[in-house]
Amino acid sequence: MKSGTTSSAAAGGNLITGRSAFLSLLRDEGVDRLFGNPGTTELPIMHALRSEPDMGYVLGLQEGIVVAMADGYARASGRLAACNVHVAPGLGNAMGSLYNAKFWGSPVLVTAGQQEIGHGLTEPLLYDPLVPIAEPLVKWAAEVHRLEDLPRIVRRAAKVALTPPTGPVFISLPGDILNRAAALDLGSPTRVDAAGRPGDEALSRLAERLLRAERSVIVSGHEVATSDALEEAARLAEVLGAPVYQQTVPYGAHFPSEHPAFLGALTRVQKQVREALAPYDLAVFLGSDVLRMSVWSEIEPLPDGLPVVQIGLRDWEMGKNYPAETAVRADVKETLRALLPMLESGRNEAGRSAAADRIAAVADRNWAAKRARLRAAADEAEAKDPIAPAAAVRHLVDALPLDVVFVDEGLTTSNTFLGQYPFRDPQSYFGLASGGIGFAVAGAIGIHMATPDRPCVALIGDGSAMYNVQALWTAAHLELPITYVIANNRSYRILKDRLIAFHGDDNFVGMDFQSPRIDFVGLAESMGVSARRVERAADLGDAVRESIASGRPRLLDVTLSNGYDT
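When you read off a place in the sequence shown, starting at 1, and then add 50, the result is the number in our numbering.
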């Protein structure tokens, strides 16, 4: 039911139920599938789906999986994704995944069924106020109290979710609202065009400041990928002669890895970051998080007196922890398109030559040079048993097609992966934005549904996989050709490494799962996903190729060394 038809129906007194209006509103907002896990309070929506054959339903076996699938779909498509969870316990189950969606900025509309208005006063089974639960993690949250308000609330939620900085939103849907009927005007979608550039005066000041620096460095981040500005970011590095680091949390393809200016990602160790940035006289944060760290240190990562320039749409990031000498709230791609000609015309031949020399000077420490050294080290570790992570990663990377979409939650294994796998386009890599594990098994499903013409491979630590492993059932049910590679070191190795680094303690309590070992092959096959165990590094490449060629979901359980001989 399109908005014009619905307006006429409202004027004529024709009735529509809340459940049908809800699905019509979603469809009109561009949603063609609903991710969900139903309960009794969501049955009105399930009933209405019978009359909406164009609205697909993607079943997840737990609410965290539901939101993670919707999150993945929103990340890879850039469109509004919608999901439905079951009352207060279901929303509680989903909070870890909603936290991930918040940090990516995924435009996900999360809805939950709620007890009928007034019935909550009696504190029935499964009841709790839902809006206060969701509010800390979403851009906007509301409960529908009148059926007549449903269109306005859904339209507002979609607009808020999709307006940069994008992010998740939440609506509580009481059962009586869904079951009632009324003459409604469903309205129409609103989209806010935020792809703007700075004014001419601001651009001139920005260009002058960038050209005045003699040793600038670029930190490239999230908005470079979401605005599809990799080409423009690379050109900026060339014009300025600026080496480029990826932001400290590398959860996307934020810069073309093989570009000679690219040095890889900054770490999240304050002392190391401070040393890396110390040689420069200007730091340009391009659509990036600004030196987001993991654990506290008395050392600040930004060197004293280093001027900061920020460009992007996430104004909350600007000056959040470190003052910005220049902060430009604008779309990264449009800003660079307007800025680059000004910078190019402002450089004389000597300036262009000096810029080229500065990039040439990092040739022995750029990403490509580091990659060569990593691969040489991987060769030396080839014969180790269990498999050394670096050797496994080398064979994995060599087996990936050029158009692969890679989903990464490998944690310690990813330390070597990011040094070997080149980012080539904005959809080539999706990583863990929040640090909260449990995204990738389910997230890969949504990502592949948004990019069905590209092969999808996911690298997932064994500990992470157990947070949402039942998402494998959905991959099998939908026959999605996703290759899951489980980096199985039978432990939380990242915690072991940190316990030693931070406390000098190698008494690993609660960090191993060896007795009994988790049988990922058996788990996968129990949910309809073919699986095999890989115990030699040399076998991994062919296993990945065979899995991709099969056109079906497959799981590879790769036995890795955990670094502590257990």
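Each residue gets a CB set at the ideal place from its N, CA and C atoms; glycine is no exception. What you are looking at is a predicted structure, and each value in this text was computed from that prediction instead of being measured.
Using DSSP with H/G/I as helix, E/B as strand and the rest coil, what is residue i?
| i | result |
| --- | --- |
| Val519 | coil |
| Ile66 | strand |
| Asn538 | strand |
| Tyr677 | Residue numbering for the chain in the displayed model covers 51 to 616; residue 677 lies beyond these limits and cannot be assessed. |
| Glu173 | coil |
| Asn134 | strand |
| Val158 | strand |
| Glu83 | Note on identity: in this sequence residue 83 is Arg, with Glu being the wrong assignment. Arg83: strand per DSSP, three-state reduction. |
| Asp365 | helix |
| Pro182 | helix |
| Ile221 | strand |
| Ala328 | coil |
| Ser360 | It is worth fixing the name first, because residue 360 is Gln in this sequence and not Ser. In the structure shown, Gln360 sits in a strand (DSSP, three-state: E or B). |
| Val334 | strand |
| Tyr479 | strand |
| Gly486 | coil |
| Tyr614 | coil |
| Ala404 | helix |
| Val378 | strand |
| Gly140 | helix |
| Tyr149 | helix |
| Leu389 | helix |
| Leu509 | strand |
| Gly110 | coil |
| Ile349 | coil |
Expressed to the nearest angstrom, what Euclidean distance is found between the alpha-carbon atoms of residue i and residue j?
| i | j | result |
| --- | --- | --- |
| Ala192 | Pro214 | 20 Å |
| Glu288 | Leu228 | 56 Å |
| Arg474 | Val455 | 10 Å |
| Ala284 | Pro88 | 46 Å |
| Val608 | Val594 | 11 Å |
| Gln164 | Phe220 | 12 Å |
| Phe312 | Leu327 | 14 Å |
| Ser565 | Met145 | 30 Å |
| Ser611 | Leu446 | 16 Å |
| Asp78 | Glu282 | 34 Å |
| Gly401 | Thr501 | 42 Å |
| Leu286 | Asp278 | 14 Å |
| Leu545 | Glu430 | 26 Å |
| Ile510 | Asn465 | 13 Å |
| Ala231 | Ser222 | 18 Å |
| Ser484 | Gly601 | 31 Å |
| Glu325 | Glu308 | 23 Å |
| Asp592 | Val535 | 13 Å |
| Val519 | Leu528 | 16 Å |
| Asn538 | Val507 | 16 Å |
| Pro179 | Pro224 | 11 Å |
| Ile568 | Val382 | 45 Å |
| Ala377 | Ala388 | 16 Å |
| Ser514 | Leu522 | 14 Å |
| Ile409 | Met343 | 27 Å |
| Ile437 | Ala427 | 13 Å |
| Gly155 | Glu185 | 15 Å |
| Gly469 | Asp104 | 43 Å |
| Arg255 | Arg364 | 20 Å |
So is residue i buried or exposed if we call it buried at 16+ other beta carbons inside 10 Å?
| i | result |
| --- | --- |
| Arg540 | buried |
| Lys321 | exposed |
| Asp339 | buried |
| Ser266 | buried |
| Ile349 | exposed |
| Arg100 | exposed |
| Asn150 | buried |
| His136 | buried |
| Thr240 | exposed |
| Gln398 | According to the sequence shown, residue 398 is Asn rather than Gln. Per the 10 Å Cβ criterion, exposed. |
| Ile532 | buried |
| Thr67 | buried |
| Phe153 | buried |
*asked:* Quick check: the stretch 259-278 against the stretch 290-299, are at least 3 beta-carbon pairs closer than 8 Å?
replied: yes
*Quick check: the stretch 470-481 against the stretch 489-507, are there 3 or more CB pairs under 8 Å?*
yes
*Counting pairs of Cβ atoms below 8 Å between the stretch 105-121 and the stretch 141-155, do you hit three or more?*
Verdict: yes, contact present.
*Report yes or no: do three or more beta-carbon pairs, one from the stretch 241-260 and one from the stretch 117-126, lie closer than 8 Å?*
no
*Touch check for the stretch 543-563 and the stretch 579-595: three-plus C-beta pairs under 8 Å?*
no
*asked:* With three or more C-beta pairs closer than 8 Å as the rule, is the stretch 353-360 touching the stretch 329-343?
replied: In short, these stretches touch, since the Cβ pair count reaches three.
*Please specify which runs of the beta strand (DSSP E), each continuous and at least 3 residues long, are wholly inside the stretch 248-278, giving them in chain order.*
266-270
*Pick out the complete alpha helix (DSSP H) segments inside the stretch 523-610, 4 residues or longer, and give them in chain order.*
543-553, 570-576, 587-600
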